[in-house]
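Asker: Just so you know, the protein sequences line up as chains Y and Z, in that order.
Residue 347, in the working numbering, is where the first sequence stops; the numbers in between run on with no holes.
Residue 249, in the working numbering, is where the second sequence stops; the numbers in between run on with no holes.
First the structure, then my questions, so here it is.
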Amino acid sequence: MASMKVLGIESSCDETGLALYDTERGLLAHAVHTQVAMHEAYGGVVPELASRDHVRRLIPLLEKVLADAGATRGDIDAIAYTAGPGLAGALLVGASFAESLAVALDVPALPVHHLEGHLLSPLLGSEPPAFPFIALLVSGGHTQLMRVSKVGDYELLGESLDDAAGEAFDKTAKLLGLGYPGGPALAKLAETGVAGRSKLPRPMLNSGDLAFSFSGLKTAVLTAVRKHEMSDAEKADLAAEFQEAVTDVLAAKAVAACRQHRLSSLVVAGGVGANRRLRQKLDGALAKIGGRVYYPEVELCTDNGAMIAFCGAQRLMQQALPDRGDGAFAIRPRWPLDELRAQASS
Amino acid sequence: MRLLAFETATRRLSVALWQDGELIERAEDLPNGGSDRLLPWVQQLLAEAGISLKQIDGIAFGAGPGGFTGLRLSCGVSQGLAYGLDIPVVPVATLEALALAAAEPLVWAVLDARMNEVYAAAYAVAGDAVSELMAPICVPPAVAPAPTFSGGTGVGDGFATYGDGLRARKPDLAQVRADVYPTAAAVARLAAPVFARGAGVPAAEAQPIYVRDKVALTTAERLARGGVR
Ligand SMILES: Nc1ncnc2c1ncn2[C@@H]1O[C@H](COP(=O)(O)OP(=O)(O)OP(=O)(O)O)[C@@H](O)[C@H]1O
C-alpha cells in the first residue's frame, strides 16, 4: 500500500488537538490548544464554553498542522476523529467538522475511541513497546488495567469501582484548598510533605483482584480536614500520604497484572501517568521483574490529535478502506472500551 | 451560482440546495438532533439535482441564536464542507430566516430560548429583502421589548411557550403564527445576495451567533452569591 496521510482530530474535553500522521514517515506535525486557563476561573471544565472554544480553534490549528507538515488539504487521505467517550457537545464539534471535511475531500472518516488513542500513544515514541503488553490507563475519568494483544484487541482486567485516580487527586486537592487543575497542584504540595505522619488506607490493596476504589480515600481526607484547622505543613504531609496511598495501590495492581499474564511490558497512559512518584514506583517494580514501563512522550500525555491520527492509521493498515458511506455519523459520549473488540471482529 | 444551506437552530432541521434561485429542500422535526441526517440529505439533494459537491460555490448556515448544539452542528458541517471545498461561507441570522420563512410584512420573530427566556428580534420583509428593526436579544418574555410597528405578526415557537406573556407585551399584534420555523431555504435566499457581492467569509470565520453568552458562574461569582467552592 502506498503511504497515506491521516488527519487526526481530538475535541472530547478541554483540549483541541489536530495532527497529520503518515503511515510510512510517522507523525508529520501536531498542534494542541488547551483551554485550562479559560476554565480555571470556573473551578472546572464548563462544557458549553469548551464546545464554543473548539469551534473557534479547529481550522486555525488545522492550518498550522498542514503548514508545519508542508502539506495541503488535498494531501489528506483519511480523517480520524474522536467519536467518544467525552463531553457530548465537545465531541459533536469535532465530529461534524471531521465528517463533513471527509465528504468534501472525498476521503474516509474514521471514528476513534478516545481511550484507544491514549492507550496506543506510547507506540508513537522512539522506542515503542512490542505487543502484547499490559496497559494502565489513569486519567481524570478512568482507572483501568488492560491486556493489549494487538491494535484493536483490548481486554479489560480491572477498573475503579468508583472514582478515577485523577478524579481522586482533583477532589482531594479541592478539599485541601488547592487550585484547578488539582492533580498537579496536589503532587507539587506532596513533594514538600512527609508521607506516613497522618495515616490513610490503601483501598483494595489486598483484594486479590485488579479492581480499584478511591472514593473512601477522599472521604478519609475529608475526615482529617474536618478534625481541626490544619497548618500548611500538615496539609503537605496529608498530600504526601494521599499520593503515597494512591500510587501504592496503582503500582501493586499494575505489577500483579503483569505477573498474572506473564508480561513484562507495561504501558502507562492518561494524565495521572505524569505523576513522578507513580513513575518511580512503577519503574522500580517492573525493573524487579525484568520488565520495563513505557510512557507516551511528555507532549502526548494530555489529549492530542496525534494519538487519534495514529489510531486511524492503524485501522487503515489493518483493514480494507471503509466505504465513504452516506455521511451519517453519531458520537458516543459514553462508550466502554471493551466494546471496541466486538466491533473490530465483527 | 449554487449554494448549500443548513438550518438546525430549532427542532425543525433542514438542508437546502439553491441553484440560481431554484430551491430544493429536505426538512424534518428532530428534537434530538440530526447528525445522522444532514450529510445524507446533502447527498440526496445533489443526486436529485444531478450535480456533484465540487460544483457548489458557497455554504450558508443559520448561525443563531437558537439551540447551542444545533448551531454548532450546522456551523461544524459548514466549516468542514467549505474548508474542504475551499469555498466561502455566509452565516445568516436565524431570526431573520424565521422572518423570511413567515412571509409576512412585519414580523416579531421569537424563539424559545429555554430557562424562561426568548430570543427575539423584529424585521420588515419585502420579497426576499429583510430589514432589521430590532436586533436579536435574549430576554425573559415578561420584559421583552415590543417592536415599535403597529399590528404585525408574532412568529416562532417562542409564542407556543410564552404566547400570553408576549401578547401582553404587544397587545396590538394582528396575528400569531407559532408553528413557523426558520428554514434552510430561507437561509439560502438571504445568503444568495451576500455571495453575489463577494461578501462570503473563509470557513474559519464562520461562527455561531449565540447571543446568550453568560453560560456559567465563575468560582468568585458563586462565592459572592453565598455558594461553596
Ligand atoms: N502530576 C500529576 N499527579 C496526579 N494527577 C495528575 C498529575 N497530572 C495530571 N493529573 C491528573 O490527570 C487528570 C487529567 O488527565 P487526562 O487529561 O488524561 O484525563 P481526562 O481527559 O480528564 O479524563 P479522560 O481522558 O478519562 O476523559 C486530572 O485528574 C489531573 O488532576
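In this text, a Cβ means the ideal position worked out from N, Cα and C, and glycines have one as well.
#1: Could you round the C-beta distance between residue 276 of chain Y and residue 248 of chain Y to whole angstroms and report it? I think they count as a contact, below 8 angstroms.
#2: Quick check on the burial criterion: 16 or more other C-beta atoms within 10 angstroms. Buried or exposed for residue 346 of chain Y?
#3: Under 8 angstroms, Cβ to Cβ, is there at least one residue of chain Y near residue 158 of chain Z?
#4: Based on Cα-Cα distance, which residue from Z:90, Z:96, Z:110 and Z:193 lies nearest to residue 129 of chain Z?
#5: Less than 6 angstroms between C-beta atoms, sequence neighbours within five positions excluded: which residues of the same chain meet that for residue 343 of chain Y?
#6: Mind checking if residue 14 of chain Z is an interface residue toward chain Y, Cβ cutoff 8 angstroms exclusive?
#7: Do you know offhand how far residue 261 of chain Y's Cα is from residue 3 of chain Y's?
#8: Output the distance between the C-alpha atoms of residue 238 of chain Z and residue 212 of chain Y, rounded to the nearest integer angstrom.
#9: Is any heavy atom in ligand 1 found nearer than 7 angstroms to the beta carbon of residue 143 of chain Y?
#10: Check whether chain Z comes within 8 angstroms of residue 11 of chain Y, counting only Cβ atoms and requiring the distance to be less than that.
#11: Nearest chain Y C-beta to residue 34 of chain Z closer than 8 angstroms, yes or no?
#12: In chain order, what residues of the region 54 to 73 of chain Y put their CB closer than 9 angstroms to some CB of chain Z?
#13: Examine chain Z for any beta-carbon lying closer than 8 angstroms to the beta-carbon of residue 330 of chain Y, and answer yes or no.
#14: Quick one: list the residues of chain Y neighbouring residue 92 of chain Z, beta-carbon separation under 9 angstroms, in chain order.
#15: Restricting to Cα atoms, I'd like to know which of Y:59, Y:66, Y:191 and Y:45 is closest to residue 1 of chain Y.
#16: Answer with yes or no whether the minimum CB distance from residue 117 of chain Y to chain Z is below 8 angstroms.
#17: Please report the residue range of the alpha helix (DSSP H) in which residue 182 of chain Z lies.
#18: Should the region 35 to 54 of chain Z be called in touch with the region 141 to 149 of chain Y, which here means at least 3 C-beta pairs below 8 angstroms?
#19: Quick check on residue 262 of chain Y: does DSSP put it in helix, strand or coil?
#20: Given 8 angstroms as the limit, is there contact between the region 23 to 30 of chain Z and the region 92 to 108 of chain Z, that is, 3 or more CB pairs closer than that?
#21: Comparing the C-beta of residue 139 of chain Z with each C-beta of chain Y, is any distance below 8 angstroms?
#22: Report all residues from its chain with a CB closer than 8 angstroms to the CB of residue 135 of chain Y; omit the five preceding and five following residues, and keep chain order.
#23: Rounded to a whole number of angstroms, what is the C-alpha to C-alpha distance between residue 79 of chain Z and residue 245 of chain Y?
#24: What's the gap between the Cα of residue 138 of chain Y and the Cα of residue 122 of chain Y?
#25: Taking DSSP as the reference, what is the three-state secondary structure of residue 213 of chain Z?
#26: Restricting to Cα atoms, I'd like to know which of Y:48, Y:83 and Y:15 is closest to residue 310 of chain Y.
#27: What is the DSSP secondary structure of residue 38 of chain Z, counted as helix, strand or coil?
#28: Can you find a C-beta in chain Y that's less than 8 angstroms from the C-beta of residue 236 of chain Z?
#29: Can you tell me which of Y:317, Y:86, Y:330 and Y:336 puts its alpha carbon nearest to the alpha carbon of residue 8 of chain Y?
#30: Does DSSP classify residue 143 of chain Y as helix, strand or coil?
#31: Is any heavy atom in ligand 3 found nearer than 7 angstroms to the beta carbon of residue 194 of chain Y?
#32: What are the partner residues of residue 99 of chain Z, as DSSP defines its beta bridges?
#33: Find the residues of chain Y that neighbour residue 81 of chain Z, judging by a C-beta separation of less than 7 angstroms, and give them in chain order.
#34: Buried or exposed: which applies to residue 109 of chain Z, given that a residue is buried once 16 or more other Cβ atoms fall within 10 Å of its Cβ?
#35: Apart from the five residues just before and just after residue 30 of chain Y, which ones in its own chain have a Cβ nearer than 7 angstroms to its Cβ?
Answerer: Let's see:
#1: 7 angstroms
#2: Low per-residue confidence applies at residue 346 of chain Y: pLDDT is 44, beneath 50, and the placement is therefore not dependable enough to give any value.
#3: no
#4: Z:193
#5: Residue placement at residue 343 of chain Y is flagged as unreliable, the pLDDT there being 49, under the threshold of 50; the coordinate-derived value follows with that caveat. Around residue 343 of chain Y: no qualifying Cβ.
#6: For chain Z, the structure presents residues 21 to 249; residue 14 of chain Z sits outside this window and is missing.
#7: 40 angstroms
#8: 36 angstroms
#9: yes
#10: no
#11: no
#12: 55, 56, 57, 59, 60, 61, 63 and 64
#13: yes
#14: 52, 53, 55, 56, 90, 93, 94 and 97
#15: Because chain Y spans 2 through 347 in this model, residue 1 of chain Y falls outside it and cannot be assessed.
#16: no
#17: 178 to 189
#18: no
#19: coil
#20: yes
#21: no
#22: 146, 147, 148, 149, 158, 255, 258, 259, 262, 264, 266, 267 and 268
#23: 56 angstroms
#24: 11 angstroms
#25: helix
#26: Y:83
#27: strand
#28: yes
#29: Y:317
#30: coil
#31: As far as ligands go, the structure on display features ligand 1 and does not contain ligand 3.
#32: The partner list for residue 99 of chain Z (beta bridge, DSSP) is empty, contrary to what the question assumes.
#33: Those within 7 angstroms of residue 81 of chain Z in chain Y number zero; the least Cβ separation is about 11 angstroms.
#34: buried
#35: 20, 21, 66, 69 and 70
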